[in-house]
Structure formats: structure tokens, C-alpha cells
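I have placed the structure first, in the form of C-alpha cells, so that the comments after it can refer back to it.
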Amino acid sequence: MLDRFLRYVRIDTTSDQDSETYPSTARQRDLGELLERELRELGLEDVELTGHGYVFATLPGSAGPTVGLIAHMDTSQDESGANVQPQVVRHWDGGDIVLPGDPDKVLGADENPLLAQRVGHDIVTTDGTTLLGADDKAGVAEIMTAVAYLAAHPEIEHAPIRVGFTVDEEVGRGVDHFDIAAFGADLAYTLDGSELGRVDDETFSASEVRIRIEGLSVHPGTSKGKMVNAIKLAARLIERLPQGSRSPETTEGREGFIHPHRFTGTTAEAELRFIARDFDAAKLAEHEQLLRRLADELAAEEPRARVSVAVEGQYRNMKEFLDRDPSVTGAAEEASRRCGIEPWREPIRGGTDGAMLSERGLLTPNIFTGGHQFHSVLEWASVQDMAVSAATVVELAKLWAEPEWATRSNTRARTGASR
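With this note's numbering as the guide, the letters of the sequence shown map in order to residues 482 to 900.
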């Protein structure tokens, strides 16, 4: 699995939220082409790299519902994903891990309680100049390892498996062209989580709010009483956001937030992009309304400016859908126990492709991958935890072939999906 992971993270698959193509960057297909070849070499069936950049494949099984295994190939724009140079610290002794590309960047046990618990593990890090890409190439490697193991051991009874690798998850468009009926799974799991044993069945509900401000640009030498500076107006709006609440840096647990994540503009026009997040749909609407109110107040103060607000829903809390069939999440927990790991749940302060798939009828909870500090040059992963994740997938495939589990879920009857 480690060899696969190191191979995948070296391929730049950064997605682009401003692109109008799908996938948003052609380089995502580079990894897709590699995975397509590797799946064919493993002997899987129905291997396909689609026009939209998805990679699909089938591993036939002996009994039970068809189980989807999904991970995304793209990485975040928050840090560079080009020329990733991972390092593997074998049998980590607990000392500081210096990142060789930037010696000022250090991973230490004192600042990383989860890392401190992994003395003796093999730790994969970046070189300090890029992200690692464990989000979600750890998930990709774990799925590939699990299906490779099952394909090499045909004597193991397991449920039919559909593999699905998606694009553009990081820009919120991961399943825009995902055909659930054609995918053919009765239930599914994303491998896009973090801490060992964590099984996610609850996400934020999410929207993006764009506020556009049109000012008036006049030559600065002759602009007295004429210029309307869109940048200054946008800055005024940002300054009026709640200072001690409703932001990522001031919230935790089940608290939602409003997060300005992009500011572009000139004197003539500026655009602010916010993400609004909350576990409660009513509270999410309150966040959106607050931004509308701030925009209205700004327009009233400067009537010469034109201020517009656009709100786009992104995904909904998947718990309301997964609760319709608790056995889907329960199976992931049981598979973890069979690997000697006690599972646990905690709401994701984020989202996954599974949130949108669950809303559309394909129930898809999320499973841990062993990666940490995503979207950061300080990103790291434990090889041993990643191996447990891959083993959990194997156990999950075996479990769904057992009669007591195959008959426990009502998902097949509800979706009408079959293969």
C-alpha cells in the first residue's frame, strides 16, 4: 500500500475552483489513467476512465449487496500539489521530524498529540514545501490495496464491489456527473476521513455565498467626490463580520461558521467568496441571511455602488439520510472491530462526496484513512493506520457477503439498485 501511496502523491492533481471545465484541471486525468491501467492489471472488470475523469471498475463477488468504494483523486488548492517529495520516517522514535525542503518546518510530538501516539510507526510527511495529498490519495491507495488483495485471493467470499474514483471533490463538484444508477452500487463508503477508527455519518450542511461589489474607477488624480472604491467597500464588509464567533478560528464541535476564503478585485469591482457551514439547516440559513444583511447595509451607505449576493447550496448533512438505514454505518463499525479497532463517531466539520451521494439516494458514510493535517505543508500519515484502513475495507467486503448482514440492510429494497 505504501508503494501505491507514494506513487500517487507524486502526481499533481490540484483542482481549480475557477475553472469551467470538468474535471477542472486536465492533470487529474493523469492519475486516472494510471489507476485505470493498474485496475486492468489486477484483473478487475468494467474498468473505465470516463469523459468526465471518473475511474470505475468492478470486482465480482459471491453474495450480498453491491458495495461501492469511493475516493477522490484531486487535491486542494490551499497549498501546492506540484512536485510533491514525500519522506518516510521509518520506525519513528518520537523526536522532531524536520521537513527537508524547509528546515524551519518541523513536526513535533508536543504540538501533535495524535502523532505522539504513533511512536514506532512509519510516518509519511511532505518536504515542507507542498501538501502531501493524503486527502484523498490515502483513500485511493487503500481501496486499490484492498481490491488487489481480494482479487489475489479468490477463495475469500465477499460482496460484489464497485470502485469509483472521483475528481473535483475539493472544489465541491466531485459528483456533479456521477451517475448513481450506472455505478450500480446498493450502498457505498468514501475513504476520506482521518483518525484511526473514526466512522463519519454526519457532515456540515454547506453553501457558498458570493458578494459582488461594482464601484466606479476614476483616475486617482481627478477622483475627488467621484471614485467609488470597490476594494475599500469589500474590506468594510469583512470588518463587520462577527469578531468572536461564527468563524473557523473561533468555533469547534457543532458550532457553524461564516468563512471568507477568497477576495479578488480592483477599484472598479470586487468579489468576496464565503463558505457558510452548520449542522443545523436553520442556522445555516441564518449565516446566509447575515451576509445578505451586511451587503444590504453596505449598499444603503453607498448608493452609487451596486452590491449583489448569490447563494449556492453545496451539500446537506448526510445524517438525515443515513439514519434511514443504520446498518450501512453499522457495518463499517463492525468491520473496524474485526480489525481490532474500536470505532467512534464525531461530526465532520466539513463534507465529503458521500454527503451529496447520500442525499441522492446512495447511502455513503465515510471511513478513516490515517491521514492528518490535510491541506497543509505539515500534512502527515501513519503507514500502519493506513494499513488498518485497507484491512477494514477487506473486512467490510467480507461482512456484506454474510447472510445476517446481507439481509439486514433495507438499502437494496429502497433504492431498487442491483447488479
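Beta carbons: idealized from backbone N, C-alpha and C, even for Gly.
Proximity to residue i [Cα-Cα], best of the options
i      : options                        : result
Gly734 : Ile712, Asp761, Phe755         : Asp761
Asp657 : Pro504, Phe849, Ala640, Asp497 : Pro504
Gly746 : Leu714, Arg727, Thr731         : Leu714
Leu779 : Gly831, Ala711, Ser808, Glu814 : Ala711
Ile692 : Glu517, Ser863, Ala716         : Ala716
Ile578 : His553, Val605, Gly562, Glu793 : Val605
Arg571 : Leu483, Gly645, Ala751         : Leu483
Gln568 : Arg889, Ala887, Trp861         : Trp861
Ala749 : Ile756, Val699, Arg721         : Val699
Pro828 : Glu815, Ser817, Leu843, Ile848 : Ile848
Arg727 : Ala757, Glu801, Leu718, Val709 : Ala757
Arg491 : Met554, Asp497, Leu520         : Met554
Val690 : Asp511, Glu767, Lys705         : Glu767
Ala552 : Leu612, Tyr489, Leu595         : Tyr489
Asp574 : Gln566, Val565, Gly589, Gly562 : Gly589
Euclidean distance between Cα positions of residue i and residue j
i      : j      : result
Ala791 : Ile739 : 15 Å
Ala894 : Ser557 : Any reading at Ala894 must be qualified, since the residue scores a pLDDT of 44, below 50, and its modelled position is unreliable; the value itself is stated next. Cα-Cα distance, rounded: 37 Å.
Glu455 : Ala812 : Residue coverage of the chain in this structure runs from 482 to 900, which leaves residue 455 outside it and unanswerable.
Ala781 : Pro701 : 24 Å
Ile661 : Phe537 : 12 Å
Glu623 : Asp617 : 10 Å
Leu880 : Asp585 : 47 Å
Glu783 : Ser688 : 27 Å
Glu514 : Leu530 : 7 Å
Pro807 : Thr610 : 42 Å
His856 : Glu651 : 10 Å
Leu859 : Glu592 : 11 Å
Gly645 : Asp777 : 44 Å
Glu885 : Arg743 : 50 Å
Phe486 : Phe664 : 25 Å
Cross-strand partners of residue i (DSSP beta bridge)
i      : result
Gln568 : Thr606
Val792 : Val690
Glu783 : According to DSSP, which records beta bridges pairwise, Glu783 is partnered with nothing at all.
Pro846 : Beta-bridge pairing links Pro846 to no other residue.
Tyr670 : Leu550
Ser863 : Ile604
Thr810 : BP columns for Thr810 are empty, so no partner.
Glu695 : Glu750, Arg787
Own chain partners of residue i with C-beta closer than 7 Å, once the 5 adjacent residues on each side are dropped
i      : result
Thr810 : Val680, Asp682, Leu803, Pro846
Leu631 : Leu540, Ile637, His639, Val875, Ala878
Glu517 : Val528, Leu530, Val536
Contact set for residue i: own chain, Cβ-Cβ below 6 Å, skip 5 residues either direction
i      : result
Ser543 : Glu638, Ala882
Val587 : Asp577, Val579
Thr684 : Asn798, Met799, Ile829, Gly832, Ala836
Gly582 : Asp608, Gly609, Thr610
Same chain, Cβ closer than 8 Å to residue i, five either side skipped, listed in chain order
i      : result
Gln865 : Arg599, His602, Asp603, Gly851
Residue i CB to nearest heavy atom of the ligand MG below 8 Å
i      : result
Pro824 : This structure lacks the ligand MG, and indeed carries no ligand of any kind.
Meets three-Cβ-pair contact criterion under 8 Å: the segment 622-630 and the segment 860-872:
Contact annotation: the segment 622-630 touches the segment 860-872, with at least three C-beta pairs closer than 8 Å.
Touch check for the segment 764-780 and the segment 660-679: three-plus C-beta pairs under 8 Å?
no
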